[in-house]
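Chains as they are written, first to last, in this note's numbering: chain A, 9 to 247; chain B, 307 to 528; chain C, 5 to 235.
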Amino acid sequence: MISPPTILGRGIVRKFGFLRALDGAALDARAGEAVLLVGPNGAGKTTLLRVLAGLLLANEGEVSICGQSPRANEHNVRRRIGFLSHGLALYGDLTASENLGFFARLYRVENRAERVRAALREVGLESWRDEPARSFSRGMKQRLALARVFLHDPDVLLLDEPFTGLDLDSARALADRLASARARGGALVLSSHHLEVAAPLADRAVLLRRGRVAGEADLGGLSASERAPRVRELLAGES
Amino acid sequence: MDGLARVGALLAKDLLLELRTRQGLFSMTLFSILSVLLLAFAFEPTREETRLIAPGLLWIAFAFAGTIGLEHTHAVERDMDGMEGLLLAPMDRGLIYVAKLLAGTLFMYLAELLTLPFFVVFFNVDILPMLPQMLLLNLAGTFGFCAVGTLLVAVTARTRLKGVILPVLLFPVAVPVLLAAVEGTAAIFRGESYAAALKILIAFDVVFASVAFLMFGFVLEE
Amino acid sequence: MNGARNRIDRGLILLVGPAMVLNLFLIFYHAPVERTMGLVQKIFYFHVPAAWVAFLAFFVVFIASIAYLASRRASYDRLAEASAAVGVLFCTLVLVTGPIWAKPVWGIWWTWDARLTSTLVLWFLYVGYLLLRSYVPDAARRATLSAVLGIVGFLDVPIVYLSIRWWRTQHPSPVFAGGEGSGLDPRMRAAFFFSLAVFTLLFVVLVRLRMRLCEAEGRAEALLDERRRSL
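What follows is the structure, given as structure tokens:
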């Protein structure tokens with residue numbers, strides 16, 4: 009029996025030295041829910057996503073993904089997380105398909121070759137499959153990184169600025185992909201400044217400021233076109 | 307089983323990266339040969355006394371070159387933050403250590419093998435009859451050096467200015483391994499039994515690799 | 005709480021100051037001059053206690069490093085840093101006083117004795133430790149990385165000692181082994197153990213002061229961060 013995908017963080021404090029990057033931040037997303045994380049630079053969005061993904065230790069507070077700690081010894085829960093950050097997590101001297109092939113092996117994905125091909129097709133990189141990732145433009149690197157995120161079919165998605173560098177078509181394709189992940193019952197948290205594409209995806213927007221939740225907006229009842237203005241209101245209200 | 311497969315995947319990735327660029331092995335070998343050359347300048351290589359210190363000279367060259375190799379196996383993870391992908395993967399982080407240790411040992415060992423002919427030529431030492439013993443001892447010494455080095459390069463990679471302080475941290479910790487390796491090589495050169503040194507070296511290898519394996523997770527965590 | 009700590013520190017300083025003067029008196033007036041080595045033997049009342057304190061300090065670094073990794077409490081990290089810094093200081097004293105004694109007695113500055121050589125390796129290890137700390141600006145990361153080195157370094161100490169003893173010792177054990185029946189004059193023994201106690205006390209005082217300095221530095225750093233963030 010697999011537990012439903014959930015993301016939960018309570019009272020998270022993360023210090024860098026004496027600086028409190030997160031100061032009691034809380035966030036949760038249920039199965040089939042998408043949460044948009046917004047806030048000014050340095051508010052702690054990236055730190056929060058990294059703590060949720062288990063890449064950073066929380067000094068205080070509770071983090072649980074699908075009811076387990078992402079740092080738990082049995083790693084089943086990490087297998088369900090798809091995480092994207094500015095770092096991209098790729099190898100410049102490997103080709104696109106070698107990059108994905110490697111991560112497919114690390115995640116013990118079945119039908120590897122086929123899955124890699126499908127993932128490349130999905131992000132429109134199949135004709136670049138044998139080119140080294142270093143030669144890619146920023147947007148192509150971002151697409152390859154996204155292919156890596158989805159490769160093992162995660163149902164918990166933690167995405168830090170996923171729309172960065174994407175052209176309009178790719179951004180729409182990603183939005184569709186995220187919407188379908190949500191429709192299939194996945195839990196989703198993304199941070200983004202691209203409100204026009206990101207807001208329509210989200211059921212809720214959470215405003216982070218100085219490492220704390222400074223406001224929340226329910227977007228569920230609004231039409232797709234009303235959501236971005238509502239998030240902008242939320243952002244404007246914070247000052 | 308899964309663990310073994312993952313170490314295999316990690317190792318294959320490092321080998322493929324090296325095969326693509328050949329930068330790590332090339333710079334390491336070049337530096338190793340260069341060190342032998344410099345040492346040949348410093349100590350007149352034709353004198354009989356120089357032969358007595360030849361094992362020490364050889365390991366100085368290997369140790370210097372080894373730091374470059376270790377730094378390189380870690381630098382490929384920094385390039386586009388591949389390390390983040392490894393940390394996210396559903397596996398024990400100790401496996402990363404195991405794979406990096408094996409890759410580092412392999413590359414450094416290869417660089418040593420490529421240096422030996424130049425050593426033979428520059429110092430006029432006939433190593434052919436003792437080659438099998440040397441190959442075995444070098445493997446044990448290189449593994450021990452990399453066992454410590456793989457941990458410490460992960461430490462220094464997370465500092466400001468990245469790897470610059472690696473040798474300063476690595477050499478004092480690696481003193482026992484280097485001493486044992488030099489003594490073993492000297493015994494081989496003298497035509498004596500090197501079994502004692504080899505045994506101790508293997509014991510050091512086990513101790514260093516186990517301690518480093520246990521500590522590695524702490525280094526990567528944040 | 006700060007007040008109590010201040011009082012303790014002041015008391016300790018008031019204690020250790022006169023004790024050090026008394027120590028000098030015991031060493032130079034109370035203890036007799038050694039027959040064969042002469043006045044230069046006096047250096048042992050400093051050399052050996054300094055060596056003891058250095059090893060004690062590095063042992064404290066080891067324990068504090070383990071405690072930090074287990075608990076993540078910053079105070080253990082401060083203890084490790086303070087102890088390493090004081091340990092390097094005393095280790096330097098050992099390395100300076102050793103050759104001063106060796107030159108007139110053995111006729112050479114340096115001997116590749118296992119103890120002396122391991123002490124030198126130790127000195128490099130812990131200077132490296134302090135160097136590593138200075139290279140990591142983020143406090144949490146600095147604490148974790150240096151704790152790893154503090155543990156690996158200390159576990160390395162006996163291995164370094166053994167390997168040097170096996171392969172690099174050219175002299176028999178030093179004279180002042182202090183084993184059974186070494187026939188030490190009771191006044192010498194008194195001076196020696198008093199010196200040992202005073203050095204240990206000095207270590208405690210220095211570590212305490214150094215820890216407070218580390219804490220103050222951390223707070224200053226925090227204020228700076230706060231300021232940077234509000235700008």
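Where a beta carbon is used, it is the ideal one built from N, C-alpha and C, also for glycine.
Heavy atom of the ligand ADP within 7 Å of residue i beta-carbon
i      : result
B/P423 : Questions concerning the ligand ADP fall outside what the structure shown contains, since it holds no ligand whatsoever.
Buried or exposed by the 16-neighbour rule on C-beta atoms within 10 Å, applied to residue i
i      : result
C/H51  : buried
C/T123 : buried
C/L33  : Looking at the sequence shown, residue 33 of chain C is not Leu but Tyr. Looking at its Cβ environment, which holds fewer than 16 other Cβ atoms inside 10 Å, C/Y33 is exposed.
B/D308 : exposed
A/W136 : buried
C/L99  : buried
B/R353 : exposed
A/V214 : buried
A/D168 : buried
B/T421 : buried
B/P423 : exposed
B/K505 : exposed
B/N444 : buried
B/V512 : exposed
C/V25  : exposed
B/T448 : buried
Under 8 Å between C-beta atoms of residue i and residue j
i      : j      : result
A/L96  : B/D387 : yes
A/L133 : A/R146 : no
B/F451 : B/P482 : no
A/G17  : A/V71  : yes
B/A360 : B/F429 : yes
A/L60  : A/P78  : yes
B/I366 : B/S333 : no
B/E528 : C/R145 : yes
A/G209 : A/A187 : The residue you asked about is not Gly; residue 209 of chain A is Leu in the sequence shown. Going by C-beta atoms, A/L209 is nearer than 8 Å to A/A187.
A/R156 : A/N107 : yes
A/G193 : A/A37  : no
C/V20  : C/V211 : no
B/L457 : B/V525 : yes
A/R212 : A/A51  : no
A/A112 : A/V124 : yes
B/V454 : B/A502 : no
Beta-carbon separation (whole angstroms), residue i vs residue j, contact threshold 8 Å
i      : j      : result
B/Q329 : B/H378 : 7 Å
B/L331 : B/L416 : 6 Å
A/I15  : A/V197 : 6 Å
C/V209 : C/I17  : 6 Å
C/Y130 : C/G91  : 6 Å
A/A33  : A/L56  : 5 Å
A/I4   : A/L30  : The first residue shown for chain A is 9 and the last is 247, placing residue 4 of chain A beyond what the model contains.
A/L182 : A/A207 : Actually they are not in contact, since the Cβ atoms of A/L182 and A/A207 sit about 14 Å apart, beyond 8 Å.
B/V426 : B/R357 : In fact, because the Cβ distance is near 12 Å, the residues do not count as touching under 8 Å.
Local conformation of residue i per DSSP, three classes
i      : result
A/G90  : strand
C/P141 : coil
C/G185 : Caution is warranted here: a pLDDT of 45 is assigned to C/G185, below 50, making its placement in the model unreliable, and no coordinate value can be reported.
B/R399 : coil
C/A236 : Missing from the structure shown is residue 236 of chain C; chain C here goes from 5 to 235 and no further.
B/L441 : helix
A/P208 : helix
C/G102 : helix
B/M414 : helix
A/S199 : strand
A/T103 : strand
B/R353 : coil
C/M24  : helix
C/L120 : helix
A/A61  : coil
A/F24  : strand
A/A36  : It is Asp, not Ala, that sits at residue 36 of chain A in the sequence shown. Looking at A/D36 - three-state DSSP - the assignment turns out to be strand.
A/L98  : strand
C/G42  : strand
B/I339 : helix
Below-8 Å beta-carbon distance, residue i vs any chain F residue
i      : result
A/N107 : Here the protein chains are A, B and C, and chain F is not one of them.
Do the segment 39-50 of chain A and the segment 98-115 of chain A touch if we need at least three Cβ pairs shorter than 8 Å? no
At a cut of 8 Å, does the segment 148-160 of chain C reach the segment 78-89 of chain C through at least three beta carbon pairs? yes
Are the segment 467-482 of chain B and the segment 127-142 of chain C touching by the rule of at least three beta carbon pairs closer than 8 Å? yes
Is the segment 37-48 of chain C close to the segment 105-112 of chain C, with three or more CB pairs under 8 Å? yes
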